[in-house]
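Trainee:
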Amino acid sequence: MNDWTTYQLKAITQRNKDILVSAAAGSGKTAVLVERIIRILTDDKNPVDINSLVVVTFTKDAAESMKVKISKAIQKLIDSDEKYDYLNAVLPQIHNAYIKTIDSFCMDILKEHCMEAMLEPGFTIADQGEMVIAKEEIIDEMLEEYYDPSGDRYEAFLACMNKLINKKDDSNFKDIILDIYNSSTSEPWPELWLESLKGRYEKGYYSDYKDALMNILICFANDLSKEMLDYKIQLDNLKAGLDVPTNKMSYNDRIESMFTILEQWIGVVHEGDFEKLVSYDYDKVSFQGCRLSDSQKELKNRLVKIFEAIKDYEKIYKSISDDKILEEIEENRELVCMIIDFTLDFSKRFSQYKKKKNLLEFHDVEQAVLGLLVNNENGIKSYTSLADELADQIEEIYIDEYQDSNNLQEEILMSISKSARNTKHNVFMVGDVKQSIYSFRSAKPDLFVGKYLSYPHYDPEKEDISDSRLCVELNANFRSRAHVLDDINTIFERTMTSKYGGIDYDERAALKLGKKYEEVEEPPKTEFLMIQSDEADEDVDDTEGQDLEEEGVIVAKRIRKLIEDKEAIIYDGNTKSMRAPHYGDIVILMRSKKNFVDYSKALSDYGIPSVVDDNSSYFFRSEICKVISFLTIIDNTYNDIELYDVMTSYFGGLTSNEAAVIKTMSNKQSMYENMMNYIALGTDDELKEKLTCLDALIEQYIAYKKCMPINELVWRIIYDTGYYDYMDHYTDENERKQSLDALVNLAKTYENTSYSGVFSFLKYIEKCRRYNVSYEMSKVADNDAVRLMTIHASKGLEFPIVILANTQKEFNRKDIDSGVFLLDSKYGITSRLIYEKGYKNSFLKKVLKLLKIHNLVGEELRLLYVALTRAMDKLIIIGDQSKIKKIEKPYSSFKSYQDIFVRSGFLDTHLYDMSQLDGITANSLVDEYVASDARVFRYPYEADVFKKRKLTVSDIKKLSIDEMLDVEGYVPKVHDKKDVASGAAFGSLYHEAMFYIDPSKTSSIDEIKAQLEALGDEYKVVDPVLIYDFYASDIGKRVVEAYKTDRLYREKQFLIGIEPSQVYGEGASDEYVMVQGVIDIFFKEDDGIVLLDYKTDHATNEKLKLMYSSQLMQYKEALTRLEHMSVKETYIYSVRNKAFLPL
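For the sequence shown, position 154 (counting from the first letter as 1) is numbered 154 according to our numbering, and the numbering increases by one without interruption.
Rendered as structure tokens:
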């Protein structure tokens, strides 16, 4: 961008001020940031070193993108003029510059100063899923202690729990504790913050709640003021209407009287005097005796709705007194203190758990860095010498997406600024409060708003302000075309205010066209596509069932029509001309990732390639759910829901009708029992064959489960069954395959944790789903596929065509409406009150509930703003005609995006003619595949499909295990992975010990013990007797002699090619198979090689020989070929059985 606007140029060139850039969507904030940095680096008078800048971004991708842009800009300068040659030295430094996320920045500081932070070197960032499980396990352990009748706190704890828990269990109590704990982690000093929550339950603190309620009422009053302007216009238009002469006031007079009463009430609210408001009463207006037209009734009814809303508030503020509030506080005091004390106890135990494992979460890193930078003694803060040193080194601090910062991050960055020391003003903050959408991550948009309201605003028509602070507003949008901006402005001018959204969406905040496009005579109009769901199902969750499926089909049809019409509606920046849309131009945005499955299926059914572009939805992906269902069944066949899912998936091949036949056979039996009965007694031979095959598959993998780690089991389910290749029949096959590959990697990572087994892995997945744990999988870019993503994931991106789906879905108010407990970082916590006859909400909880709803609506408005401002050329919005209702009450009554569109008055003029989609039909490749009996087709070379051309010796061992599973009575012994002395970890340690041990010093157990101790504490699990027994044997003595003559070899690697028949048997192809491996130990004697292999398995000698003979034969062949010497003896050494097994 070469032609900077006046406002952009001010943000780029202003120096020695703390600057807040309020950058609206598409206003070029990143370009401004990059240009400012470039100009600072190349300043003629005072150039700055790249290493003296700190640039904090919200995501790693944003940081890398900024580094690339800065590098390109510098390279461009170097190429343009010789005077910039000195910048060649800057380019290599950019990669390691402090251009990174706050987490990465803090990590760098902590690694350098970990000893000062009292941390062990070598700490690692904890796996998010493992932490979720650990938290629950710690809380479970604590509950056992607290519920112990012999404990001192039993009675008090039980009494408090009765106020909190549901009748069924105490799971909601766990959620309460985790909610409080998670909120505390974004505060600078978590323990002090938690203690402050208890401190709020002191006399007089409730005045904050009165202030909170007054603020809510002021928002409400401001809404009314706007509404009344419209209503007065409507009244003026009606004044020529019917007026029935009576002895009482006319219709118009009565309406105006209602206006007067409302204006008086608004005036009292704006005074902010709570007591005066409580005592204020107003007269009622009756319309008895008036004959009204439809238009007059409509206006009257709207005003009546407003008075009903006022009555709802009156029920709260007129029903309370100071004495009652104090009484409620006293009743809640013990409960609140117990909750906080439990949370503090949990926090301490969880910290100990992480310390023991040398693990940190990202907030732990930030907390540790804050401790290095700021001292806090009894609330008095001072900066450390390290903070002063950093502040002296750092010339400027840049904070991107400042609206999403939290209190902890603010404290860290300010502590290293010159601004905090008044030596210079060097903090540059960029953001947009209209796009603050991360309250669930404890983002504090109030930080942005506070500075936005207090900083002087730049006005090019006025003289420069002498203040050390400055706010620069960027509202020119360089992303979207004029018609898109006009529509966005129309929607938010009517709905977003400083109280609902964080800013008044006035002329100053409205988006301005910043880029000139070649506009067509009729630009693509914003469309509202309305499905017509069954009104009888109105109360059913819209994320499930037929409504959502129908919506997905409608969207698929509209996309097909967009592509097939080939209308030039997209502006191509490369060719500077209009063109027809491609699939890759389109994104479908939704609030909930759970809807992606239905949409992906609909798109696939209509032959539309798609990519799910949201890591947090990974565990809800269709292909992943099928594998998890299959795992669930082999763990427990009596899971009916999962078995139905498996039956109707690739693994079972049943239709939904066939599965229904099995389910309805007997309601008294499980579905698995019904399946087995049908196999024995069923009449449909084709269905019986399907069920028989499915049963055989389940039994096979139940056997595998007993002897395989979870990563190998998942690998087999995905690849050996053909499920992976089945993905080829979807239009988005590449992405589906990537997600399956990622599941194998996830299982492998999980296997390296302290947990093991199918049951534990399924529990891990369940927790990841419940707590929205993200799992990042590598993606292969598919440039011509429709993207599906959540609105949150779309932030910072842009797309030619945006489809906003499922707008009739109501905002999630479940926790607010039904929760027994509410938390607010500013106003604290409160709970319901318990009485003999039941429960009731306290005044404090009522106020906090209003505040939560108020904040929810504001956040959803901002989320909607983010969604709509992603569009460059066209907006398509999907809703439900049957759920459209007139929004009579003010903004706090918004329950969905569709409500917002209705309120803005925008929907009626943009309805799409749904008949245009008639005739567009599905053409699913998957349906054709299933219908054509392709699943029973046998590829001529199917025997070679899953045969690897490069194998490890362990792979060959697995083939042997497959054969063993057919051996009657074979049941491998399964060990708890946490028991290191029994599991695979012991085997690794034993092999390592045998590699490092000096064989010449093994004549006594004490000698071996001393060597193990020298290796490290982890080798304590290796019993020195086990090593002594080996070397005390006849073969062991030969090993010692070989060592003394340098003829002993340990951990020898090899790679050889062998005939495929040696691995796969007769009938395999002629292509050589490469085998790689590591030989434990062998030694040479004059007449040949002696080969040995240690095995720590719990198994009989016969089973060991059966399991590992093929592996040792590969070793033998490898040695013969590599050493050009025959192997005269081959042994398996069973460590557990202390036996040499000749082969």
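Cβ atoms here follow ideal geometry from the backbone N, Cα and C, with glycine treated the same way.
With a 10 Å radius around its C-beta and 16 neighbouring C-beta atoms as the bar for buried, classify residue 16 as buried or exposed.
Mentor: So residue 16 counts as exposed.
Trainee: Between the beta-carbon of residue 788 and the beta-carbon of residue 577, is there less than 8 Å?
Mentor: Going by C-beta atoms, residue 788 is not nearer than 8 Å to residue 577.
Trainee: To the nearest angstrom, how far is it from the Cα of residue 136 to the Cα of residue 761?
Mentor: Roughly 15 Å between the two C-alpha positions.
Trainee: So, residue 750 versus residue 730, is the Cβ gap smaller than 8 Å?
Mentor: No, these two residues do not count as a Cβ contact at 8 Å.
Trainee: In the structure shown, what three-state DSSP assignment does residue 423 receive?
Mentor: Correct three-state label for residue 423: coil.
Trainee: Three or more C-beta pairs under 8 Å: does that hold for the stretch 362-379 against the stretch 101-109?
Mentor: The stretch 362-379 vs the stretch 101-109: in contact.
Trainee: When you compare only the Cα positions, how much space is there between residue 117 and residue 1139?
Mentor: Going by the C-alpha atoms only, they are around 51 Å apart.
Trainee: Output needed for residue 910: all residues of its chain with C-beta closer than 7 Å, excluding positions within five of it in sequence on either side, in chain order.
Mentor: Hits under 7 Å: 525, 526, 527 and 528.
Trainee: Please classify residue 1121 as buried or exposed, where buried requires at least 16 neighbouring CB atoms within 10 angstroms.
Mentor: Burial call: exposed.
Trainee: Could you please give me the residues that DSSP links to residue 991 through a beta bridge?
Mentor: None, per the DSSP bridge assignment.
Trainee: Thinking C-alpha only, which one of 657, 511, 673 and 620 is nearest residue 638?
Mentor: Of 657, 511, 673 and 620, the residue nearest in Cα terms is 673.
Trainee: Flag this pair as yes or no: are the beta carbons of residue 629 and residue 645 separated by less than 8 Å?
Mentor: For residue 629 and residue 645, yes; Cβs fall inside 8 Å.
Trainee: Would you kindly work out how many angstroms separate the C-alpha atoms of residue 976 and residue 757, rounded to a whole number?
Mentor: Its pLDDT being 41, under 50, residue 976 is placed unreliably in this model, and the value from its coordinates should be taken loosely. Between residue 976 and residue 757, the C-alpha separation is close to 8 Å.
Trainee: Over what stretch of residues does the alpha helix (DSSP H) that includes residue 1148 continue unbroken?
Mentor: Examination of residue 1148 is not possible in this model, given that the chain is present from 1 through 1143 alone.
Trainee: In terms of residue numbering, what span does the beta strand (DSSP E) encompassing residue 871 cover?
Mentor: Segment 871-880, the beta strand (DSSP E) holding residue 871.
Trainee: Do residue 22 and residue 452 have their CB atoms nearer than 8 Å?
Mentor: Yes. Within cutoff.
Trainee: Which of helix, strand or coil does DSSP assign to residue 452?
Mentor: DSSP places residue 452 in helix when its eight states are reduced to three.
Trainee: I need the DSSP call for residue 476, collapsed to helix, strand or coil.
Mentor: It is a strand residue.
Trainee: Which partner residues does residue 831 have in the DSSP bridge list?
Mentor: For residue 831, which the question treats as bridged, DSSP gives the partners 821.
Trainee: Starting from residue 1007 and walking both ways along the alpha helix (DSSP H), at which residues does that stretch end?
Mentor: Taken as a continuous stretch (DSSP letters only), the alpha helix (DSSP H) holding residue 1007 covers 1005-1015.
Trainee: Could you give the residue range of the alpha helix (DSSP H) that holds residue 377?
Mentor: Counting along the chain, residue 377 falls outside any alpha helix (DSSP H), though it belongs to the beta strand (DSSP E) covering 374-377.
Trainee: Which of helix, strand or coil does DSSP assign to residue 107?
Mentor: Residue 107: helix per DSSP, three-state reduction.
Trainee: Among 456, 320 and 741, which has the Cα closest to the Cα of residue 719?
Mentor: Closest option to residue 719, Cα to Cα, is 741.
Trainee: Kindly give me the distance between the Cβ atoms of residue 98 and residue 55, rounded to whole angstroms, as I take these residues to be in contact under 8 Å.
Mentor: Contact flag correct, Cβ pair sits at about 7 Å.
Trainee: Taking the alpha-carbon positions, what's the residue 74 to residue 91 distance?
Mentor: Going by the C-alpha atoms only, they are around 7 Å apart.
Trainee: With distances taken Cα to Cα, identify the nearest neighbour of residue 1003 among 1041, 987 and 18.
Mentor: Nearest C-alpha to residue 1003: 1041.
Trainee: Which parts of the stretch 552-615 are runs of the beta strand (DSSP E), unbroken and 3 residues or longer, counting only runs that do not cross its ends?
Mentor: Qualifying beta strand (DSSP E) stretches, in chain order: 570-572, 577-579, 586-590 and 610-612.
Trainee: Got a sec, what are the start and stop residues for the beta strand (DSSP E) residue 277 sits in?
Mentor: No beta strand (DSSP E) holds residue 277; the alpha helix (DSSP H) holding it covers 274-279.
Trainee: Take residue 210 and list the residues in its own chain whose beta-carbon comes closer than 6 Å to its own, dropping the five residues that flank it on each side.
Mentor: Answer for residue 210: 274, listed in chain order.
Trainee: Can you grab the Cα-Cα spacing for the pair residue 620 / residue 721, in whole Å?
Mentor: If I take the Cα positions, the gap works out to 21 Å.
Trainee: Pull up the distance between the alpha-carbon of residue 606 and that of residue 555, whole angstroms please.
Mentor: Taking the straight line joining both Cα atoms gives about 10 Å.
Trainee: CB residue 871 to CB residue 802, shorter than 8 Å?
Mentor: Yes, the Cβ-Cβ distance between residue 871 and residue 802 is below 8 Å.
Trainee: State the CB to CB distance for the pair residue 433 and residue 403, rounded to an integer number of angstroms; the pair is presumed to be in contact (CB under 8 Å).
Mentor: Residue 433 to residue 403, Cβ: 5 Å. Contact.
Trainee: Are residue 567 and residue 598 close, meaning C-beta to C-beta below 8 Å?
Mentor: Taking 8 Å as the Cβ cut-off, residue 567 and residue 598 do not qualify as a contacting pair.
Trainee: Taking just the CA atoms, how far does residue 712 sit from residue 1047?
Mentor: Going from the Cα of residue 1047 to the Cα of residue 712 covers about 37 Å.
Trainee: Nearest by alpha-carbon distance to residue 1090: which of 1114, 705 and 1039 is it?
Mentor: Checking every option, the nearest Cα to that of residue 1090 belongs to 1039.
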